[in-house]
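For reference, the structure discussed in these notes is given below.
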Amino acid sequence: MDRKSVEKGWAARGFSCDLWVDPPGQCWEDFVHRTDELLMLVEGALEVEIDGRVHRPQIGEELLIPAGAHHSVRNTGSVTARWLYGYKAT
2 MDRKSVEKGW
12 AARGFSCDLW
22 VDPPGQCWED
32 FVHRTDELLM
42 LVEGALEVEI
52 DGRVHRPQIG
62 EELLIPAGAH
72 HSVRNTGSVT
82 ARWLYGYKAT
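If you read the sequence shown in our numbering, its first letter stands for residue 2, the second for the next number, and so on.
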């Protein structure tokens, strides 16, 4: 996966693109945003819960978290997780 290509593609769709890094066991629980969010796993293992539905994305797999959706992100692996995230410009 080429981060620059992802960045360019997301920008063309109106999304920002930044890198997030979480240690093993890190959990971000029950967030809600006013805008759509994209997430893509770069390294490690994540569990992403969106409105009660659990996803375990593969590296390079993109997930859309719709505006207003309750969501949580959990590093379920034994190594640091790195993932791209971006918000839709308003």
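Backbone N, C-alpha and C define an ideal beta-carbon position, used for all residues, glycine too.
Small disclaimer: the values here were computed from a predicted structure and weren't measured.
First through last residue of the beta strand (DSSP E) which encompasses residue i
i, result
"Cys74", "Strictly speaking, residue 74 in this sequence is Val, with Cys absent from that position. Residues 72 to 76."
"Ile66", "63 to 66"
"Val22", "19 to 23"
"Arg57", "Taken as a continuous stretch (DSSP letters only), Arg57 belongs to no beta strand (DSSP E), as it is neither H nor E."
"Gly26", "Gly26 -> no beta strand (DSSP E), and no H or E assigned at all."
"Gly87", "82 to 88"
Residue i, enclosing alpha helix (DSSP H) - first and last residue
i, result
"Val7", "4 to 13"
Inter-residue spacing [alpha-carbon to alpha-carbon] between residue i and residue j
i, j, result
"Leu20", "Arg83", "7 angstroms"
Residues bridged to residue i [DSSP beta-bridge criterion]
i, result
"Glu178", "Examination of residue 178 is not possible in this model, given that the chain is present from 2 through 91 alone."
Across the region 50 to 65 and the region 15 to 27, are there enough close Cβ pairs to call them in contact, namely three or more that are closer than 8 angstroms? Contact between the region 50 to 65 and the region 15 to 27 is not established, with fewer than three Cβ pairs separated by less than 8 angstroms.
How do the region 44 to 57 and the region 68 to 80 stand: do at least 3 beta-carbon pairs fall below 8 angstroms, yes or no? A contact exists between the region 44 to 57 and the region 68 to 80.
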